[in-house]
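K.L.:
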Amino acid sequence: MTNYKLSNQAVGALMMALQKGLMEQCDITELLKDFDLSNTADGLVVENPPMISVPESESEEDTVA
51 MTNYKLSNQA VGALMMALQK GLMEQCDITE LLKDFDLSNT ADGLVVENPP MISVPESESE
111 EDTVA
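Counting with my numbering, you get residues 51 to 115 for the letters of the sequence shown.
#1: Can you tell me the Cβ-Cβ gap for Ile55 and Leu82, rounded? I've got them flagged as a contact below 8 Å.
#2: Can you list, in chain order, the residues of its chain whose CB lies under 8 Å from that of Ile102, leaving out five sequence neighbours each side?
#3: According to the Cβ coordinates, are Glu97 and Ser88 closer than 8 Å?
#4: First and last residue of the alpha helix (DSSP H) that includes Val95?
#5: Which same chain residues, not among the five before or five after Thr90, have their C-beta less than 8 Å away from its C-beta?
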């Protein structure tokens, strides 16, 4: 049996999936199941990490009191 470790990139992709689930208030199970993983020297890498869209907000100057 071969053991695999997550690369830093894969951990980041997992964290992005969690953030997306929180922002969109949705179940991330399907998102995780759809991850395409590759084994590299650094560990497993997610080939299709989730994308998060952040709406533009007020400029920092407008929000500083």
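Idealized CB from N, CA, C, for every residue including glycine.
Just so it is clear, the structure is predicted and the values come from calculations on it, not from any experiment.
P.N.:
On the basis of the data shown:
#1: Checking the displayed sequence, the identity of residue 55 turns out to be Lys instead of Ile. No, Lys55 and Leu82 are not in contact; Cβ-Cβ is about 17 Å, not under 8 Å.
#2: Met66, Gln69, Lys70 and Met73
#3: yes
#4: Unbroken run through Val95 is the beta strand (DSSP E), Gly93 to Val96; no alpha helix (DSSP H).
#5: Ser57
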